[in-house]
Structure formats: C-alpha cells, structure tokens
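Colleague: In the numbering used here, the protein residues as written are 199 to 323. The structure's right below; bear with me while I get my questions together.
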C-alpha cells in the first residue's frame, strides 16, 4: 500500500488530479516513457483498481454514460460485481436534450460505457 492509501497492481487505474477532479486511465505496463526507456527501471505509480474506485464513490454523485443515447447522473447507493448499480435522486439525459427526474433507478452493468465520479459538469444538470 502506498502513502496515499491506494493499492497497486498490473492493469490498475492511475488517478491524475486536475482542478479538483480525478481522471483515470489504464496502465498496462507500469513503466514511464523515456527516450532511452531500456536504461530506466519500471516505476510504480499509486494505483486504484476499478471496483475500488466505484466503491469509493458510494454515497457520492456519479455520472453514468450508457450504450445508446442515455446518460444518468445521481447518487450511487450501491453496486455488485457485475457493476449493476443503484442510483437515487437521478436525472436521466438523452441526446435530444430531454431530462427526466427519477427518485431511484437500477442500471444494468452490461449497458454502462463510462463512469465519471463527481456527477455531471456544473450547468449541465
């Protein structure tokens, strides 16, 4: 475990802070890219596994982009190993611009494309 309390492992996600938000990307090699990479040893960055990231979002706002033409923003109540998730205080957005308020919803993990912690950008909700 690193100093910031995150665990690491191959294929884990790295977090980069930018303006108070965290952006995540896959790290398959755990190596930094240098012009002469063969002379450098691999470095280990602080890493967070995908299900650990989702677990840290329980109780927080999250923005979910689905396959098709739907997006949801709401408070994450819980999820399972298949990333089926329950959200409350939900706003459903479609690409026509229509918005629907829902008290609670269950999303099928097979139809989720992307999760963004922190909810939708301000002004979009």
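For glycine and all other residues, C-beta sits at the position ideal for the given N, C-alpha and C. Keep in mind that this is a model prediction, so the values were computed, not measured.
Assess, as a yes-or-no matter, whether the region 245–253 is touched by the region 298–305 under the definition of 3 or more beta carbon pairs within less than 8 Å.
Modeller: Judged by Cβ distances under 8 Å, the region 298–305 makes no contact with the region 245–253, as fewer than three pairs qualify.
Colleague: Nearest-angstrom Cα distance between residue 142 and residue 317?
Modeller: The requested residue 142 is not part of the displayed model; the chain covers only 199 to 323.
Colleague: How far does the alpha helix (DSSP H) with residue 250 in it reach, from first residue to last?
Modeller: 248–254 is the span of the alpha helix (DSSP H), which, as asked, contains residue 250.
Colleague: Tell me the residue span of the beta strand (DSSP E) that contains residue 271.
Modeller: Unbroken beta strand (DSSP E) run through residue 271: 268–277.
Colleague: So, with DSSP's three-state summary, where would you put residue 229?
Modeller: A caution first: residue 229 carries a pLDDT of 37, below 50, which makes its placement in the model too unreliable to give a value.
Colleague: Along the chain, where does the beta strand (DSSP E) containing residue 299 start, and where does it finish?
Modeller: Run containing residue 299: 297–305, per the beta strand (DSSP E) assignment.
Colleague: Where does residue 270 land, buried or exposed, given buried means 16+ other C-beta within 10 angstroms?
Modeller: The residue is buried, with at least 16 neighbouring Cβ atoms inside 10 Å.
Colleague: What first and last residue would you give for the beta strand (DSSP E) that runs through residue 315?
Modeller: Element bounds for residue 315: 310–315.
Colleague: To the nearest angstrom, report how far apart residue 264 and residue 307 are at their CA atoms.
Modeller: Cα to Cα, the separation comes out at about 9 Å.
Colleague: Helix or strand or just coil, what does DSSP make of residue 286?
Modeller: Here residue 286 sits in strand by DSSP.
Colleague: Sort 273, 246, 245 and 244 by Cα distance to residue 256 and report the nearest one.
Modeller: Minimum Cα distance to residue 256 is reached at 273.
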